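Each residue of the sequence shown is one higher than the one before, starting from 235 at the first, in my numbering. For every residue, glycine included, the Cβ atom is placed at its ideal position computed from N, Cα and C. Note that the coordinates shown come from a computational prediction; the quantities given were computed from them, not determined experimentally. Each remark here refers to the structure printed beneath this line.
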Amino acid sequence: MSDATAQDEAFDAETFGDSHLLDPAATADSQETISQEITDIHEAYRKGVEAGEAQETQPRIDFAPYRSSLLRHPTKDLHHADPETIELWSPAFGERDVHILESDLTIQHNGEPLGERIVVQGRVLDGDGRPVRNQLVEVWQANAAGRYVHKRDQHPAPIDPNFTGVGRCITGPNGEYKFTTIKPAPYPWKNHHNAWRPAHIHFSLFGTDFTQRMITQMYFPGDPLFPLDPIYQAITDQDARDRLVATYDHSVTSHEWNTGYRWDIVLSGSNRTWMEEGEEH
């Protein structure tokens, strides 16, 4: 079985497929079991840092509480690939192909979507704080009920006919981006019994070409599911986890229209934003 096939099967089995059914694979472990495993790993990490070991700013590839983490990264040796050949088969967008209206996820259908209208904006920066301009940024997310518009998402939450949950933009001269959307809700997944993901928005950044794609997630401040989520907690360093959480910004909030959040994405350096190794929940 190839790594890609293994990842696809893990996605099918543990993300969406019949996710409302309580089968043995989904209920083998309790939240208490998962939480205790997270606590033990974090405590060992803390002691290691106190003893002089290096801080971890990226998630562990194999994180036991995240049961399918082993299936979500390559397990074979890497091979060199011809970048020109890859680009022949990759999608390509120029700046003129991305319309400014694509960054507003609330106007893509005939009616207005349900939920809390929000604006998320920030900057894409390199490790030295310099803006990364002309960067293609894509987002996708669940709706206000915690449901994706995807055939594999069958958990019993309503689909909003006026919300698809995808958008994109190009960063400006100061590395700035801005999306208008609906605040997503938490949703269940099959890592363990009664497992719920904190509300989040997926971000995809493409660098200078499509061989440089990076994916991350933005979370919302104060989410009570943070301590319970093994994907978020797979980053053992608290400061690194905090960099995934947006900040409420009243200056981004508009009178009687939207609340606002600010979130900067740092691509390199010691303060870089966590990027996923592969497709995630």
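What span of residues does the alpha helix (DSSP H) with residue 269 cover, start to end? The residue given as residue 269 occupies position 35 in the sequence shown. Counting along the chain, the unbroken alpha helix (DSSP H) around residue 269 starts and ends at 265-284.
Under 8 Å, with one C-beta from each stretch per pair, do the segment 450-457 and the segment 269-284 reach the 3-pair mark?
no
Next item on the list: Pick out whichever of 303, 411, 398, 354 has its Cα sitting closest to the Cα of residue 346.
Entry: Counting from 1 along the sequence shown, the entry for residue 346 is found at position 112. Comparing Cα positions, the closest option is 398.
* Quick one: residues in its chain with C-beta nearer than 6 Å to the C-beta of residue 407, no 5 flanking neighbours on either side, listed in chain order? => Here residue 407 corresponds to residue number 173 of the sequence shown, with the count starting at 1. The answer, listed in chain order, is 367.
**Item:** Of the residues 467, 426, 453, 362, the one placed nearest residue 296, counting alpha carbons only
**Value:** As a working mapping, residue 296 is identified with position 62 in the sequence shown. The residue with the shortest Cα to Cα distance from residue 296 is 467.
Quick one: Cα of residue 500 to Cα of residue 491, how far? Reading the sequence shown from its first residue, position 266 is the one you call residue 500. Reading the sequence shown from its first residue, position 257 is the one you call residue 491. For residue 500 and residue 491, the distance between alpha carbons rounds to 29 Å.
Give me, in chain order, the residues of the same chain whose beta-carbon lies closer than 6 Å to that of residue 400; leave out the 5 immediate sequence neighbours on both sides.
For the purposes of this step, residue 400 is identified with residue 166 of the sequence shown, where counting begins at 1. Contacts found: 374.
- Query: Of the choices 349, 350, 371, whose alpha-carbon is the least far from that of residue 359?
  - Reply: The residue you call residue 359 lines up with position 125 of the sequence shown. Residue 359 has its Cα closest to that of 371, out of 349, 350, 371.
Rounded C-alpha distance that separates residue 338 from residue 446: Working through the sequence shown from its first residue, we reach residue 338 at position 104. Working through the sequence shown from its first residue, we reach residue 446 at position 212. The straight-line gap from Cα to Cα measures roughly 25 Å.
*asked:* Comparing C-alpha positions only, which one of 387, 465, 355, 348 sits nearest to residue 482?
replied: The residue labelled residue 482 in the question sits at position 248 within the sequence shown. Cα-wise, what sits closest to residue 482 is 355.
Item to complete: Give a yes or no on whether the minimum CB-CB distance between residue 362 and chain D is below 8 Å.
Response: Absent from the structure: chain D. Only one protein chain is present.
Give me the residue from 439, 431, 333 with the minimum Cα distance to residue 265. Here residue 265 is taken as the residue at index 31 of the sequence shown, counted from 1. Nearest of 439, 431, 333 to residue 265, Cα basis: 431.
Query raised in the report: Can residue 439 and residue 448 be called in contact, C-beta distance under 8 Å?
Result: The residue labelled residue 439 in the question sits at position 205 within the sequence shown. The residue labelled residue 448 in the question sits at position 214 within the sequence shown. Yes, the pair counts as a contact, with Cβ atoms nearer than the cut-off.
* Residue range of the alpha helix (DSSP H) that residue 475 falls in? -> Here residue 475 refers to the residue found at position 241 of the sequence shown. First-last of the alpha helix (DSSP H) with residue 475: 472-476.
For residue 501, which three-state DSSP category applies?
-> Working through the sequence shown from its first residue, we reach residue 501 at position 267. Three-state DSSP puts residue 501 in coil, outside helix and strand.
Starting from the C-beta of residue 411, find all residues in its chain whose C-beta is less than 7 Å away, skip the five residues before and the five after it, and write them out in chain order.
Here residue 411 refers to the residue found at position 177 when the sequence shown is read from its first residue. Counting only Cβ-Cβ distances below 7 Å, and skipping sequence neighbours, we find 355, 356, 358, 371, 403, 405.
Is the segment 376-385 in contact with the segment 465-479, if contact means three or more CB pairs nearer than 8 Å?
no
- request: Output yes or no for whether 8 Å exceeds the beta carbon distance between residue 352 and residue 415.
  value: What you label residue 352 is simply residue 118 of the sequence shown in a count that begins at 1. What you label residue 415 is simply residue 181 of the sequence shown in a count that begins at 1. Yes, the pair counts as a contact, with Cβ atoms nearer than the cut-off.
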